[in-house]
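Heads up: the structure comes next, in structure tokens.
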Amino acid sequence: MAENSESKCSVDEHTAERIASLFESLSDPTRVRIISALVDGEVNVGDLVQIIGLSKSAISHQLRGLRDKRVVRARKQGRQVFISLDDEHISELFKRGLDHVCHE
């Protein structure tokens, strides 16, 4: 089993499946745009709808998948729902991916 030099986590079958699932969550342009909108902090769903330019239903559908994969989390405050990235690892993964794509 491979072990990352920066991590104590070995890549067994279960870990490989979880990593593949995480990368799968980044395989949709709408989900990538949602993650991009959340890199600087939490956003309420209404604002996310405006930023992304899709219906609330379409955004909610994508958010459900991202929550299931522990990419984002939701926090309810009154009648509003605020969405944020689950942790700093997601932000770093996104930023490194963006750097890779933008690298010339």
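Residue 47 in numbering that gives the first Met the number 0 sits at position 48 of the sequence shown, and the numbers go up by one each step. Each residue gets a CB set at the ideal place from its N, CA and C atoms; glycine is no exception.
Query, Result
"Whole-angstrom distance between Ile51 and Glu41, CA atom to CA atom", "14 Å"
"Leu65, DSSP secondary structure in three states", "helix"
"Beta carbon of Gly64 nearer than 9 Å to that of Arg32", "no"
"With 16 other Cβ atoms within 10 Å as the buried cut-off, status of Gln49", "exposed"
"Alpha-carbon spacing of Gln61 relative to Leu84, whole angstroms", "14 Å"
"Host alpha helix (DSSP H) of Leu92 (start-end)", "Glu87 to Cys101"
"Rounded separation between Phe93 and Asp86 - CA only", "12 Å"
"Unbroken beta strand (DSSP E) run spanning Ser24, endpoints", "First-last for Ser24: Glu12 to Ser24, but that is the alpha helix (DSSP H), not the beta strand (DSSP E)."
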